[in-house]
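J.: Please find one structure pasted underneath; my questions will follow.
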Amino acid sequence: MSRLTSPGQIKGIMKKHNVRFSKSLGQNFLINDNIIEEIISRSNITKDVSVLEIGPGVGVLTQALAEHADKVLAVEIDNKLIPVLEETLSEYKNVSVIHNDILKVDINSEIEKRFDNPVKVVANLPYYITTPIIMKLLEEKINVEEIVVMVQKEVAERMVSKSGVKAYGSLSVAVQYYCDASIILDVSRDNFLPPPNVDSAVIRLKVRENPKVKVIDDDYFFKVVKGAFALRRKTLINSLSKSAIAIDKEIVIEVLTKLGFDLRIRGEKLNIEEFAQLANELYKAQN
Ligand code: SAM
Numbered sequence: 009m010s011r012l013t014s015p016g017q018i019k020g021i022m023k024k025h026n027v028r029f030s031k032s033l034g035q036n037f038l039i040n041d042n043i044i045e046e047i048i049s050r051s052n053i054t055k056d057v058s059v060l061e062i063g064p065g066v067g068v069l070t071q072a073l074a075e076h077a078d079k080v081l082a083v084e085i086d087n088k089l090i091p092v093l094e095e096t097l098s099e100y101k102n103v104s105v106i107h108n109d110i111l112k113v114d115i116n117s118e119i120e121k122r123f124d125n126p127v128k129v130v131a132n133l134p135y136y137i138t139t140p141i142i143m144k145l146l147e148e149k150i151n152v153e154e155i156v157v158m159v160q161k162e163v164a165e166r167m168v169s170k171s172g173v174k175a176y177g178s179l180s181v182a183v184q185y186y187c188d189a190s191i192i193l194d195v196s197r198d199n200f201l202p203p204p205n206v207d208s209a210v211i212r213l214k215v216r217e218n219p220k221v222k223v224i225d226d227d228y229f230f231k232v233v234k235g236a237f238a239l240r241r242k243t244l245i246n247s248l249s250k251s252a253i254a255i256d257k258e259i260v261i262e263v264l265t266k267l268g269f270d271l272r273i274r275g276e277k278l279n280i281e282e283f284a285q286l287a288n289e290l291y292k293a294q295n
């Protein structure tokens, strides 16, 4: 099967297999070959790396990945697309497709089983679960060197935001804790079939060897970060006392004073280093 590059070919193959686009599964397929080539070249896919693709759809990006990478593993949740992928990927002997929900896959064991070279994740993610997928990849410390994914533009901006701007939040801190994040390509909605209601961007997450900051306890650090942003309009003293760490306001006041922070400060003003300092001092005070 030749490369799928036009909306007509995608519609044709879907019709042949009697499949409809599922909005609830975030099915917006790429129809611009230039964008696909740009993703491949900017993610430096060569025959020395293997790729995990999340959500191959009808295989548009998968075909290009297979041409440039050593091996490709694609995980697709929609059982109706499996026969389509069998057809569109039949000539690509270096591709395996798993029918499963990526959130349920033991990614590290799949990678270990199949690949013996560096691995990258490359995907046009389903937008309804972008954050859970990214968080799974990061928190499970999956063994990959780089994650290059298309996401909603606004989510990409949240991932790269620094303290003090509106887009900055717990996702920014989590992503930057584990990765060096940059937006590498803006992609307008008319490059997809059907077009989504939002524009997109491709983000590159270079996974750090060690997290950006040293914390005593990862889990506690993220509870502090999530708590600080859960009640965005409240001061840290109020939001942390109602957060998962359920800390006394008096202790927060003591720690903020010790660290030289204004007692009216809100979470959105703290950068990742300051969050680490704060979480470590709160942890010591509580344990
Ligand atoms: N890669 C294709 C492309 O670029 O044209 C399709 C991308 S489309 C935005 C997202 C794909 O993810 C769809 O094929 C959808 O069925 C699949 N998907 C949605 N939820 C998933 C999940 N939990 N696990 C695996 N795949 C999923």
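FYI, the numbering for the sequence shown is 9 to 295, going by our numbering. Just so you know, even glycine gets a beta-carbon here, dropped at the ideal spot from N, CA and C. Please read these numbers as outputs of a predicted model, since none were measured by experiment.
#1: What separation, rounded to the nearest whole angstrom, lies between the Cα atoms of residue 187 and residue 217?
#2: Since residue 42 is in the beta strand (DSSP E), which residue starts that stretch and which ends it?
#3: Cβ of residue 134 within 7 Å of any heavy atom in the ligand SAM?
#4: Which of the three DSSP states, helix, strand or coil, is assigned to residue 236?
#5: Let me confirm a value: residue 67 is counted as buried when at least 16 other C-beta atoms fall within 10 Å, else exposed. Which label applies?
#6: Counting only runs that start and end within the region 164-227, where is the beta strand (DSSP E) found for 3 or more residues in a row?
#7: To the nearest angstrom, how far is the alpha carbon of residue 34 from that of residue 135?
#8: In the structure shown, what three-state DSSP assignment does residue 294 receive?
#9: Take residue 163 and list the residues in its own chain whose beta-carbon comes closer than 6 Å to its own, dropping the five residues that flank it on each side.
#10: Kindly identify the DSSP beta-bridge partner or partners of residue 128.
#11: Compare the beta carbon distance of residue 248 and residue 232 with 8 Å and say whether it is the shorter of the two.
#12: Output yes or no for whether 8 Å exceeds the beta carbon distance between residue 157 and residue 129.
#13: Between the beta-carbon of residue 89 and the beta-carbon of residue 65, is there less than 8 Å?
#14: Which of the three DSSP states is assigned to residue 84 in this structure?
#15: Throw me the rounded Cβ distance for the residue 131 and residue 62 pair, which I believe falls under 8 Å.
T.: According to the structure data:
#1: Along the sequence shown, one-based indexing puts residue 187 at 179. Along the sequence shown, one-based indexing puts residue 217 at 209. The straight-line gap from Cα to Cα measures roughly 9 Å.
#2: Within the sequence shown, numbered from 1, the residue matching residue 42 stands at position 34. That residue, residue 42, is in no beta strand (DSSP E); its alpha helix (DSSP H) goes 41-50.
#3: In the sequence shown, the residue the question calls residue 134 occupies position 126. Yes, the Cβ of residue 134 comes within 7 Å of a heavy atom of the ligand SAM.
#4: Along the sequence shown, one-based indexing puts residue 236 at 228. In the structure shown, residue 236 sits in a helix (DSSP, three-state: H, G or I).
#5: Taking the sequence shown and counting its residues from 1, one reaches residue 67 at position 59. So residue 67 ends up on the buried side.
#6: 187-195, 208-215
#7: Numbered from 1 along the sequence shown, position 26 holds the residue referred to as residue 34. Numbered from 1 along the sequence shown, position 127 holds the residue referred to as residue 135. C-alpha separation (whole angstroms): 6 Å.
#8: In the sequence shown, the residue the question calls residue 294 occupies position 286. In the structure shown, residue 294 sits in a helix (DSSP, three-state: H, G or I).
#9: Residue 163 sits at position 155 when you count from the first residue of the sequence shown. Excluding residues within five positions, the ones whose Cβ falls inside 6 Å are 138.
#10: In the sequence shown, counting from the first residue as 1, residue 128 sits at position 120. Beta-bridge pairing links residue 128 to 59, 154.
#11: Within the sequence shown, residue 248 is the residue found at index 240, counting from 1. Within the sequence shown, residue 232 is the residue found at index 224, counting from 1. Taking 8 Å as the Cβ cut-off, residue 248 and residue 232 qualify as a contacting pair.
#12: Here residue 157 corresponds to residue number 149 of the sequence shown, with the count starting at 1. Here residue 129 corresponds to residue number 121 of the sequence shown, with the count starting at 1. Yes. Within cutoff.
#13: One-based indexing of the sequence shown puts residue 89 at position 81. One-based indexing of the sequence shown puts residue 65 at position 57. Yes, the pair counts as a contact, with Cβ atoms nearer than the cut-off.
#14: Taking the sequence shown and counting its residues from 1, the one referred to as residue 84 is at position 76. The answer is strand: DSSP assigns residue 84 an E or B state.
#15: Along the sequence shown, one-based indexing puts residue 131 at 123. Along the sequence shown, one-based indexing puts residue 62 at 54. Residue 131 to residue 62, Cβ: 4 Å. Contact.
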